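Data first, discussion second: the structure below is written as structure tokens.
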Amino acid sequence: MPGTTATRTAYRTCPLCEATCGLTLTIADDRVTHARGDGEHVFSHGFVCPKGAAFPQLLADPDRLRRPLLRVDGTLREVGWDEAFAAVEAGLAAARVGGRDAVAVYLGNPNVHTMAGGLHVGPLVRALGTRNVFSASTVDQMPKHVSSGYLYGDPNAIPVPDLDRTDLLVLLGANPFESNGSLCTAPDFPGRLRALQARGGRFLVVDPRRTRTAAAADEHLPIRPGTDALLLFAVVHTLFDEDLVRLGRLAEHVTGLDGVRELAVAFAPERVAERCAVPAPRIRQLARELAAAPTAAVYGRIGTSTVAFGTLTSWLVDVVNVLTGNLDRPGGAMFPLAAHQRARAAGPGKGFRTGRWASRVRGLPEVKGELPVATLADEISTPGEGQVRALITVAGNPVLSTANSERLDRALASLDFMVSVDPYLNETTRHADVVLPPPDPARTGHYDFAFLTLAVRNVASYSPPALPLDPDGLDECDILARLTLIAAGQSAGADPAVLHERLLGQVLAEAAEGLGRPAAELRALLAGHRPAERLLDARLRLGAYGDLFGQRPDGLSLTRLLDHPHGIDLGPLRPRLPEVLHTPSGTIELCPPPIAADVVRLHEARDAPPEGFVLVGRRHLRSNNSWMHNVPALVKGRDRCTLQVHPDDAAKLGLAAGDTARVSSRVGSVVVAVELTADTMPGVVSLPHGWGHDVPGTRQSVARAHAGVNSNVLTDETAVDPLSGNVVLNGIPVGVEPA
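In my numbering, the protein residues as written are 1296 to 2034.
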């Protein structure tokens, strides 16, 4: 009919948080007009949060960059891709006169939400050859990688709670009703917790705030911020003291038990109760409940990682799961096996270590191939051999997300050259000399290389592009490939297909050797027209459930995933010990020497007097760090960037609701509106993360209209967890006074 617009439907995985929910998109005239939950998705079953529902607004954002920007005479202007990459080649070449380490790279959180990030960031870092690699991992999660590395020999072997089968779940520093989960991929996390209760189970929340998750829990245990390690050590003490340790089938896979017992002696509940604000009898009862439950799991997240004892706390979470026999068993904490991963042969491995090199200025150790982002400003600002003079950022906004961000902001302004791969001119990328915008997520394929390795059920799904590339757009894989080729010494005009073929050739050469078939024969069997799809197909075919290029006809391949747009259910998590263990002993090394040595520091904290006010962050369902504050549907409503203060504290300070308060720390201060709430325990104030959109030079009109204040003006870059280098963003001492 005249005037009627033809519509079509496309299915894809939402890329806006870790939950990996399925979306059903309505498309008209190559424009996504509506998004709703995919009721047939094998993992999310129709669940969608406000972020997924706002997907069309995100795609249509008029502030989103569509063409490259190049700084000319101090002003950023649109240019073509060839001109932009020529400027990158010249800028990096000039910086490298000072050596390879003169170029640094920062990788932001959104990288793990894209296929390009999963496939092409690694080659870029290797081609740069720099030791100055930084990422958001040392903002929010490196302690868990370090503890897993020491325990299991693999920093990426992270157990997740088996939510759908557990009888008792203890959550520390986690608020999945707002975050949708973190280092635990679980669509409709709240619904899974309600289902746990409906089947007669319980969940407890340990948190200094009565969050939405805590309010829905069977019990909320308020705790002094940063003292989770004391609480968990007291639980461990009780398990030994009351003869409640039951390793079960883990016994043959665990060493170091006596060492943990000795360390726990000093942490009786009665010794730590006052410091952590949890009564000693309740701590002992918690240990008994975990020991007696048919199945149980302890799960800790952001609030336990972004503190002074992040690695110790992450380690103790797993220690409790081991001592109660709940690691690697249904209903406990289990190791997922994603479709692109291969099951490995059991046996001793090389293990895990840190400090293969150290940062130039502060001597902070390397962890997992990167340095703590807390020292990035030092490396830029401190003259001398090896000083960072150029920076590449990929999908990151460290000016808002890292400690003492005003200092980093000044440091970025002093660089000789900066290039950013980012769709926005934000608080960080406004310093760039070249901005290379990737296409919007509806125009790229999507497979979750990171999050499916953390899923509470083994599933697989692939979303082909729902829309074609813009005429002026460039696929993100091609953007990163061209950067990689420039970093490797080739010209700006080098064909990205050269790198794509090299990466695919490496995978096929290894496959050919293992399968005893020619690589050319395997290449001919690959599906997909895009480089990322061919790489994905090869990895799926070689993975734990793969078809091995036809040798296992019922196995997985890209073609099979394309035939199942709602995903494929690969079943519940299964025990994987000893396969996941790659420690030198081939066991769970429960008492690693570096962790044991750090317990001395915890003794000092146990006996220290409580601070005055301490600051913690908070999450909101409509936010994911600073990403989506330019989407009208996600920032509407009342101001979310407020300082939450307990009414009793407010009365002592002379503050009322709606007043403004000045919050100060060693490194800075902010003035922010006050919100009174009894949901925050006395002595604790809370300010959300990711705001502060009022700086000049950005192009995010909606975010600027809802600017808020940057909480990381207050965080101290000199305060880090020494084992992981993770910056301390929670539990930081602050002063509070009327503004």
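In this text, a Cβ means the ideal position worked out from N, Cα and C, and glycines have one as well.
For clarity, every value in this text was computed on a predicted model and none was experimentally measured.
According to DSSP, L1365 shares a beta bridge with R1372, V1729.
With contacts defined by Cβ atoms closer than 8 Å, G1393 and Q1682 form a contacting pair. Counting only the Cα atoms, L1851 lies some 9 Å from A1839. Across the structure, R1834 and P1363 are spaced so that their CA atoms are roughly 32 Å apart. Judged by DSSP in its simplified three-state form, I1453 adopts coil rather than helix or strand. In the structure shown, G1417 falls within a helical segment according to DSSP collapsed to helix, strand and coil. As summarised for the segment 1380–1445, the continuous alpha helix (DSSP H) elements at least 4 residues long and confined to that stretch are 1410–1423, 1432–1435, given in chain order.
Excluding its 5 nearest sequence neighbours in each direction, P1418 has C-beta neighbours in its own chain below 6 Å: T1779, listed in chain order. In the displayed model, G1341 falls within coil according to three-state DSSP, outside both helix and strand.
DSSP places P1310 outside both helix and strand once states are collapsed to three, so it counts as coil. Here the alpha carbon of T1433 sits roughly 15 Å from the alpha carbon of G1444.
Annotation for D1943: P1977 place their beta carbon closer than 7 Å to its own, counting only its chain and skipping 5 residues before and after. In the displayed model, I1687 falls within a strand according to three-state DSSP. Linking S1339 to D1368 through their CA atoms gives a straight-line distance of about 50 Å.
Residue environment analysis places W1652 among the exposed positions, since fewer than 16 neighbouring C-beta atoms fall within 10 angstroms of its C-beta. The bridge partners DSSP lists for V2008 come to none. Here the alpha carbons of V1962 and E2012 stand approximately 9 Å from one another. Its Cα nearest to that of V1555, the residue V1540 stands out among T1480, V1540, A1568. According to the DSSP assignment, E1771 belongs to the alpha helix (DSSP H) that extends over 1771–1782.
Rounded to whole angstroms, the Cβ separation of L1703 and P1693 is 6 Å, and the two are in contact under 8 Å.
If you look at Q1492, you'll find it in the alpha helix (DSSP H) that goes 1484–1493. Residue environment for T1608: buried (at least 16 other C-beta atoms within 10 angstroms of its C-beta).
P1732 is the residue among R1579, P1732, L1581, R1596 whose C-alpha sits nearest the C-alpha of L1365.
Residue pairing from DSSP places Q1939 in a beta bridge opposite E1970, S1981. Contact between the segment 1652–1670 and the segment 1480–1498 is absent: fewer than 3 CB-CB pairs across the two stretches fall below 8 Å. When the beta-carbon positions are compared, A1952 and A1411 stay at least 8 Å from each other.
C-alpha of V1668 to C-alpha of T1697: approximately 7 Å in a straight line. In the DSSP annotation of this structure, the continuous segment of the alpha helix (DSSP H) that includes D1553 starts and ends at 1552–1559. Judged by pairs of C-beta atoms under 8 Å, the segment 1396–1406 touches the segment 1422–1436, as three or more such pairs exist. If you draw a straight line from the Cα of L1868 to the Cα of G1768, it comes to about 40 Å.
If you draw a 10 Å sphere on the C-beta of H1924, you find 16 or more other C-beta atoms in it, and that means buried. Cβ neighbours of I1781 within its own chain (closer than 8 Å, five residues either side excluded): F1380, V1383, E1384, L1387, A1787, A1789. Boundaries of the alpha helix (DSSP H) around H1532: 1523–1536. Counting only runs of 3+ residues, the beta strand (DSSP E) found wholly inside the segment 1579–1623 occupies 1591–1595, in chain order. Cβ contact annotation for V1573 (same chain, cutoff 7 Å, sequence separation greater than five): L1516, I1518, L1526, in chain order. Residue pairing of H1515 in beta bridges, as defined by DSSP: V1500.
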